[in-house]
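What follows is one structure encoded as structure tokens, with my remarks underneath.
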Amino acid sequence: MENKNAPVLVQAEGVCKYFKVSGGRVLHAVEDVNLTIHRGETLGLVGESGCGKSTLGRTLMGIYAPTKGKLVFDGKEMDLHNKRERFAFSKKAQIVFQDPYASLDPRMTVGSIIEEGMVIHNMYDAEGRKKRVAELLDTVGLNREHANRFPHEFSGGQRQRIGIARALAIEPEFIVCDEPISALDVSIQAQIINLLHNLQDELGLTYLFIAHDLNIVKYISDRIAVMYLGSVVELASSDELYANTLHPYSKALLSAVPIPDPELEAKKTRQIINGDVPSPINKPKGCAFSSRCPVACEECSKSVPPLREITPGHFCACHLVEKK
Ligand code: SF4
């Protein structure tokens with residue numbers, strides 16, 4: 001749960017991540033992202049496929065070094081181009097991947113998969129690691145005997161539990177959950193969400209929770225950041241974002257969320273976003289959403305709207321949204 005007085009654990013200042021692609025062109029996957037995540041908080045990150053959510057997640061936990069900008073972790077600026085620093089950071093930040101089938105090495109036993117990080121970071125002796133693997137299997141709701149089995153012997157939900165145990169093994173402070181339930185059956189999704197919730201309470205973990213299911217994100221997140229074409233366009237507490245949506249893109253995204261009440265659902269006006277997401281190699285000038293925005297004005301294609309605090313704690317990047 002977010003505690004506004006809790007210290008900031010993760011801070012991105014003007015973080016950009018670019019990739020060189022064929023023909024000398026540059027793909028702007030993440031553009032000038034500024035955000036903070038407090039210790040013990042869950043920050044949800046939403047947006048359409050290909051908007052840069054996963055790249056931002058991987059940059060914030062050190063898999064990618066930012067092309068530009070500053071990443072500060074627990075008050076210390078990280079130099080992720082420095083191998084030693086990157087290695088030390090990898091013990092503090094871990095990731096739970098989307099696909100529990102592809103993310104576990106089929107040739108390794110569950111025990112070796114969970115133990116691997118501890119071996120790399122030289123934690124415990126062999127006996128201590130074995131004990132810790134057993135404890136972690138208990139923690140994620142699996143049996144200790146599962147340590148000797150292989151990933152193909154498990155269901156999707158069990159594999160995701162193994163992925164969570166692997167992430168926890170080296171006692172990280174920050175976990176990027178990259179769409180951790182989207183490949184699972186609906187009946188299993190709630191179990192994994194509850195497990196992540198309980199672990200956060202017990203271990204004081206801090207999460208970046210990436211997802212495209214906006215109902216799940218609202219349920220699990222303290223605050224939510226909405227991304228469009230590599231940039232954060234809106235950021236607010238979950239309740240505030242859903243009650244007072246400001247950005248035209250967020251409004252369209254949220255209008256697509258089904259309401260459980262059939263009467264309200266029937267009355268709802270769905271805002272359709274026309275056109276395709278522009279290429280991150282060749283972004284529109286000015287506001288990146290200007291080519292699809294239903295209320296775009298002349299100014300929108302001339303200058304990039306900065307992310308501004310409109311009301312306390314509610315940030316939006318749109319020329320037409322006035323500060324209150
Ligand atoms: Fe739409 Fe202009 Fe606002 Fe961008 S700045 S979201 S184009 S109104």
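So in my numbering, the last spot in the sequence shown is 324, and the numbers never skip.
C-beta atoms are modelled at their ideal positions from N, C-alpha and C, and glycine is treated no differently.
Count the C-beta pairs between the region 68-77 and the region 94-114 that are closer than 8 Å, then say yes if the count reaches three, no if not.
no
Looking only at its chain, what residues have a beta carbon closer than 7 Å to the beta carbon of Ala-167, apart from the 5 residues adjacent to it on each side?
Gln-94, Ile-95, Val-96, Ile-175
Count the C-beta pairs between the region 80-91 and the region 131-144 that are closer than 8 Å, then say yes if the count reaches three, no if not.
Verdict: no, contact absent.
Taking 7 Å as the cut-off, is the C-beta of Ser-290 nearer than that to any heavy atom in the ligand SF4?
yes
Considering only residues of the same chain and omitting the five flanking positions on each side of Leu-43, which have a CB-CB separation below 8 Å?
Leu-35, Ile-37, Tyr-207, Leu-208, Phe-209, Ser-221, Asp-222, Arg-223, Ile-224, Ala-225
Which residues mark the beginning and the end of the beta strand (DSSP E) in which Glu-31 is found?
26-38
At which residues does the alpha helix (DSSP H) containing Ser-231 begin and terminate?
No alpha helix (DSSP H) contains Ser-231, which is instead part of the beta strand (DSSP E) from 231-237.
Candidates Ile-281, Tyr-228, Tyr-242, Gln-98, of which the one nearest Pro-305 by Cα
Tyr-228
Assuming contact is defined by CB atoms lying nearer than 8 Å, are Arg-144 and Leu-195 in contact in what I supplied?
no
Would you call the region 254-271 and the region 54-63 touching, i.e. three or more CB-CB distances under 8 Å?
no
Is the beta carbon of Leu-9 less than 8 Å from the beta carbon of Phe-19?
no
With hydrogens ignored, establish whether the beta-carbon of Leu-196 is closer than 7 Å to any heavy atom of the ligand SF4.
no
One question on the structure: do Ala-147 and Ser-182 come within less than 8 Å of each other, judged by their Cβ atoms?
Their beta carbons are not under 8 Å apart, which means Ala-147 does not touch Ser-182 by this criterion.
Measure from the alpha carbon of Lys-130 to the alpha carbon of each residue in Lys-285, Lys-268, Ser-112, Arg-107, then state which is nearest.
Ser-112
Under the three-state DSSP convention, the category Tyr-228 falls into
Tyr-228 falls in the strand class under three-state DSSP.
Under a CB-based cut-off of 8 Å, is Arg-107 close to chain E?
Annotation note: the requested chain E is absent from the structure, which comprises a single protein chain.
According to the neighbour-count rule (16 or more other Cβ atoms, all chains shown, within 10 Å of its Cβ), is Ala-288 buried or exposed?
buried
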